[in-house]
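Numbering (our numbering), first residue to last: 1 to 189.
Set out below in structure tokens:
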């Protein structure tokens, strides 16, 4: 999920290949991203924290240290100047889309001066979502953004039991995010 935020933005920009650039674009630097994930309409954040705690009992000390620093609902991302430039020019972002989402075909459904609505089909669940997807991205300013992507996802049966209490071949997943620019210099991870 850490790479999900900018992967999603890059994919949105790529969907806008034939559209005019947005009037608002993200600023390069360090961003704080908060996410909320829903499976079958249920907020699964608390269950993800439980899984994290349970996994801690099975890990070696070096793995435990990495896990302690991992928060699937809150993390930082560094947006380079080059990436920010790509996000300003939708024509150049198509190659990033293929790297970020894998086998997806997205189309721009609607664009305003500061937002995009998109839809499409993902054939490989690289980010937990496959099949028909739709999403939204809104730049409130060059330092604030929010949005979502939703579609059908595949999760291992034990995870489904923990998260939603039943096993289904496909699960409706919705990932919502809010991003806020923190500073121009990215801190090391």
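Where a beta carbon is used, it is the ideal one built from N, C-alpha and C, also for glycine.
Collapsing the DSSP output to three states places residue 84 in a helix. Less than 8 Å divides the Cβ of residue 30 from the Cβ of residue 185.
When the Cα atoms are used, residue 65 and residue 51 turn out to be separated by approximately 16 Å. The alpha-carbon separation between residue 139 and residue 45 amounts to approximately 25 Å. Secondary structure note for residue 110: its beta strand (DSSP E) is the uninterrupted segment 104-111. Across the structure, residue 175 and residue 117 are spaced so that their CA atoms are roughly 15 Å apart. Exclusion of the five residues before and after residue 148 leaves 135, 136, 174, 175, 176 and 177 as the residues of its chain whose Cβ lies within less than 8 Å of its Cβ.
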